[in-house]
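A.B. asks:
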Ligand SMILES: [Zn+2]
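Dropping the structure here:
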């Protein structure tokens with residue numbers, strides 16, 4: 201089945217192509233959609249992936265062992281929470297995309 205898509209950049213008509221023959225722009229709707237989904241996925245992951253607050257880093261580097269242990273506990277808790285956050289973001293995305 202021949203599918204003719206007009207390039208939105210230069211106006212060239214392309215037959216059965218994902219990229220424009222003339223300027224190389226992405227013209228496949230399917231590919232465009234896939235690319236957008238990939239981008240959204242990356243953005244969501246980046247948002248879910250938070251860095252631990254500064255005071256936790258400070259505690260972990262503290263000279264007092266008790267503080268370091270406390271910092272380690274907080275850090276572990278934070279890592280677990282952010283992992284769950286990333287998983288939820290992925291899950292929401294998987295449901296939305298499905
Ligand atoms: Zn083009």
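Residue numbers (my numbering): 201 to 298. Backbone N, C-alpha and C fix where the C-beta goes; we use that ideal spot for every residue, glycine too. Owing to the predicted nature of the structure, the values given are computational and were not obtained by experimental measurement.
Spatial neighbours of residue 267 within its chain, please: CB distance less than 7 Å, with the 5 preceding and 5 following residues excluded, ordered by chain position.
C.D. replies: Along the chain shown, one-based indexing puts residue 267 at 67. So the qualifying residues of the chain are 259.
A.B. asks: Ends of the beta strand (DSSP E) at residue 284?
C.D. replies: As a first step, residue 284 must be located in the chain shown, where it is residue number 84. Careful: residue 284 lies outside any beta strand (DSSP E), inside the alpha helix (DSSP H) at 265–297.
A.B. asks: Quick check: what's the CA-CA separation for residue 264 versus residue 282?
C.D. replies: Taking the chain shown and counting its residues from 1, the one referred to as residue 264 is at position 64. Taking the chain shown and counting its residues from 1, the one referred to as residue 282 is at position 82. In a straight line, the C-alpha of residue 264 is about 27 Å away from that of residue 282.
A.B. asks: With 16 as the cutoff for other CB atoms within 10 Å, does residue 220 come out buried or exposed?
C.D. replies: Mapped onto the chain shown, residue 220 falls at position 20. Residue 220 is buried by the Cβ-count criterion.
A.B. asks: Cβ of residue 217 versus every heavy atom of ligand 1: is any distance shorter than 7 Å?
C.D. replies: Here the question's residue 217 lines up with position 17 in the chain shown. Answer for residue 217: no, Cβ out of range of ligand 1.
A.B. asks: Pull the bridge partners of residue 213 from the DSSP assignment, please.
C.D. replies: Working through the chain shown from its first residue, we reach residue 213 at position 13. Residue 213 is bridged to 206.
A.B. asks: Closer than 7 Å by C-beta to residue 241: which residues in its own chain qualify, once you throw out the five before and the five after it? Chain order, please.
C.D. replies: Numbered from its first residue, the chain shown carries residue 241 at position 41. Only 293 meet the Cβ criterion.
A.B. asks: Compare the beta carbon distance of residue 206 and residue 213 with 8 Å and say whether it is the shorter of the two.
C.D. replies: Numbered from 1 along the chain shown, position 6 holds the residue referred to as residue 206. Numbered from 1 along the chain shown, position 13 holds the residue referred to as residue 213. Going by C-beta atoms, residue 206 is nearer than 8 Å to residue 213.
A.B. asks: On the three-pair Cβ rule with 8 Å, is the stretch 241–254 touching the stretch 271–289?
C.D. replies: Contact between the stretch 241–254 and the stretch 271–289 is present, because at least three Cβ pairs lie under 8 Å.
A.B. asks: Relative to the alpha-carbon of residue 289, which residue among 256, 245, 216, 297 has its alpha-carbon at the smallest distance?
C.D. replies: Along the chain shown, one-based indexing puts residue 289 at 89. Residue 245 is the option with its Cα nearest to residue 289.
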